[in-house]
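Undergrad: Per our numbering, the very first residue in the sequence shown carries number 13; after that it's consecutive.
I'd like to ask you about the structure that follows.
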Amino acid sequence: MATRHFLSLLDLTAVELMQLLKRAIELKAMHRAGEVYTPLKNKVLAMIFEKSSTRTRVSFEAGMVQLGGHAMFLSPRDTQLGRGEPIEDTARVLSSMVDIIMVRTFEHEKIETLAKYSSVPIINGLTDWVHPCQLLADMQTWIEHRGDIKGRTVTYVGDGNNMCHSYINAARLLDFNLRIACPEGYDPDPELVSVADDRVSIIRDPREACENTDLIVTDVWASMGQEEEQKQREKSFADYQVDQTLMNLANDDALFMHCLPAHRGEEVSAEIIDGPRSVVWDEAENRLHAQKALLEFLLLNQ
Ligand code: CP
Ligand code: NVA
């Protein structure tokens, strides 16, 4: 059977995604109960990070150890990747030695090339295009707090970036309505929006987009690799801060999510991210449980 990769949420069927989220909730309960579950004994995960990370690195490394395996951190600074060894060669060599590979990089094409030449599963730990692992955790968090997301309304406020793209894919798979409030010039990819236009809409006015919504999500205004655009983006996104005014327009039981790291006073006010409707700490913790379910799925369920 062909090697399964997880480059985007769309590499899973809707049924597989729901099963994976259910399993993540089970694995979390087992972990909390102190149950030792080590089905990945002797399995090795290689993690290539071409960008910084706290959550992704720690959750994959801790998750792999908890499942009985081992994780290895590789950075371009200390490997031949950083000295120009082709990604194709890296893929062939790494996949002859380890059981699964996670990559965080810039261009999405790079991870697609890696997947093409790898004989073991490749996991996308974030590219400029999408951040699918984060959506596993976000959707697990929603289900734990509110149940099924089908038919609900989610509002994404901010940049049409990798997180926004992943929310579009999640809306397609899990059948929820997604309103995207972004300033002109910062839209998500138009093709991605158009294939999902039965449930995804772009609404310029963040107030209109947050009215009677069930979940408000945001992300940084300048993503990794866009640091030099920070000042310009602060101006462009000035009206797009998730604050009490926006949150008050949402439904009474609406939740707030942010993948983190957050910039209080920019994309979100401190009172919202640190307030009662924010579930960002559960969301961050669930990276661990959701990715354990993903590792189990890719390594054992095939
Ligand atoms: N949310 C997320 O991916 O965090 P890190 O950049 O810390 O991995
Ligand atoms: N959009 C952000 C997400 C960080 C987890 C970035 O790419 O930097």
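All residues carry an ideal CB built from backbone N, CA and C; glycine is no exception.
1) Jot down the residue ranges of each uninterrupted beta strand (DSSP E) in the region 247 to 276, minimum 3 residues, whole runs only, in chain order.
2) Any heavy atom of the ligand NVA closer than 6 Å to the beta-carbon of S235?
3) Among the residues of its own chain, which have a CB less than 6 Å from the CB of V169, if the five just before and after it don't count?
4) Alpha carbon to alpha carbon, how far is F72 from G163? Give it in angstroms, no decimals.
5) So, do the region 204 to 211 and the region 144 to 158 have three or more beta carbon pairs nearer to each other than 8 Å?
6) Do you know how far the Cα of L29 is from the Cα of I161?
7) Between the alpha carbons of A234 and R245, how many angstroms are there, rounded?
8) Skipping 5 residues on each side, what residues in its chain have a beta carbon closer than 8 Å to that of E223?
9) So is W141 buried or exposed if we call it buried at 16+ other beta carbons inside 10 Å?
10) Is the Cβ-Cβ distance between S20 and P144 less than 7 Å?
11) Look at the Cβ atom of H82, then the Cβ atom of V110, and state whether they are nearer than 7 Å.
12) Given the structure, does N260 come close to the ligand NVA, in the sense that its CB is under 6 Å from one of the ligand's heavy atoms?
13) In angstroms, rounded to a whole number, what distance separates the CA positions of Q92 and I60?
14) Roughly how many angstroms lie between the CA atoms of R67 and R95, to the nearest whole one?
15) What are the residues that DSSP puts in a beta bridge with S290?
TA: If we stick to the structure as given:
1) 267 to 270
2) yes
3) A193, P218, T230, Y252, V254
4) 31 Å
5) no
6) 13 Å
7) Using only the alpha carbons, I get a separation of about 7 Å.
8) L261, A262
9) buried
10) yes
11) 7 Å or more divides the Cβ of H82 from the Cβ of V110.
12) Distance from the C-beta of N260 to the nearest heavy atom of the ligand NVA is not below 6 Å.
13) 12 Å
14) 27 Å
15) F268
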